[in-house]
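Have a look at the structure below before the remarks.
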Amino acid sequence: MSTNDPWLQKVPPHNVEAEQSILSAILIENRTLPEVLEILSEQDFYRGVHSKIFKGMVELFERNEPADLVTLTNLLKEQGQLESVGGASYLAELVDTVPMAVNASHHAKIIKEKATLRRLIERSAAITTKCFEDRGDVEEVLDFAERSIFDISENKVKPSFFALKDILTDT
139 MSTNDPWLQK VPPHNVEAEQ SILSAILIEN RTLPEVLEIL SEQDFYRGVH SKIFKGMVEL
199 FERNEPADLV TLTNLLKEQG QLESVGGASY LAELVDTVPM AVNASHHAKI IKEKATLRRL
259 IERSAAITTK CFEDRGDVEE VLDFAERSIF DISENKVKPS FFALKDILTD T
């Protein structure tokens with residue numbers, strides 16, 4: 139492919155506002171995290187800093203600690219990642235992004251859809267490469283293509299990896 143290839147000039151599908159909204163919603167209301175975890179994983183975020191922040195939130199959740207501005211800032215600082223995510227100022231900015239933790243599952247679905255499209259683009263490129271290599275049996279290439287697309291389709295909606303008893307809180 140040449141550098142004039144239009145595919146190389148395109149930005150992969152993403153929605154930074156939805157990513158910021160999700161992170162903000164979780165910081166404001168931790169009870170949204172289990173709902174979001176039903177849909178998203180850290181790999182679904184387009185921006186690496188958002189992936190790191192989400193990973194920190196999940197780590198705090200798994201420790202049964204609140205994922206608020208103070209605890210998340212502290213965790214990322216302890217891990218030496220605070221500055222790489224934009225510092226405490228970016229985390230504080232996230233809290234101001236959304237005044238209330240609403241529509242979290244809808245925003246999570248938007249992020250998941252964009253991540254699925256990016257995975258399709260990546261797998262399509264791999265399939266195209268295999269086709270241009272023109273080695274082996276066509277059936278092997280077809281099997282590879284089918285498996286690649288099937289794997290993406292299977293991972294579209296991520297099942298929960300938390301036990302219900304761990305998510306429910308005493309009322």
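Residues in the sequence shown are numbered from 139 upward in steps of one, following the numbering used here. Idealized CB from N, CA, C, for every residue including glycine.
Just confirm the distance between the C-beta atoms of residue i and residue j, as a whole number of angstroms; I'd bet it's less than 8 angstroms.
| i | j | result |
| --- | --- | --- |
| L286 | A264 | Here the sequence assigns Ser to residue 286, which means Leu is not the residue at that position. Their Cβ separation, rounded to whole angstroms, is 7 angstroms, which keeps S286 and A264 in contact under 8 angstroms. |
| V187 | G224 | 6 angstroms |
| V154 | R185 | 6 angstroms |
Considering only the alpha carbon of each residue, which of the options lies closest to residue i?
| i | options | result |
| --- | --- | --- |
| V236 | E167, K148 and V149 | E167 |
| A230 | L171, R201, N212 and H245 | N212 |
| N202 | V223, L171 and P151 | L171 |
| E157 | D234, H245, D272 and E200 | H245 |
| R169 | S222, E292 and V240 | V240 |
| S159 | A226, G218, E176 and K247 | K247 |
What does a CB cutoff of less than 6 angstroms around residue i pick up in its chain, not counting 5 residues either side in sequence?
| i | result |
| --- | --- |
| E180 | S189, F192 and K193 |
| D182 | I249, K250 and A253 |
Got a sec? Which residues, its chain only, sit under 8 angstroms from residue i by beta carbon, not counting five neighbours each side?
| i | result |
| --- | --- |
| V279 | I265, K268 and C269 |
| L210 | L165, I191, G194, M195, L198 and L229 |
| S162 | L232, V233, D234, T235, V236 and A239 |
Thinking C-beta only, is residue j closer than 7 angstroms to residue i?
| i | j | result |
| --- | --- | --- |
| I249 | L178 | yes |
| L214 | L207 | no |
| P150 | R256 | yes |
Excluding the 5 residues preceding and the 5 following residue i in the sequence, name in chain order all residues of the same chain whose CB lies nearer than 7 angstroms to its CB.
| i | result |
| --- | --- |
| L258 | I290 |
| Q147 | none |
| I164 | T170, L171, V174, M195 and A205 |
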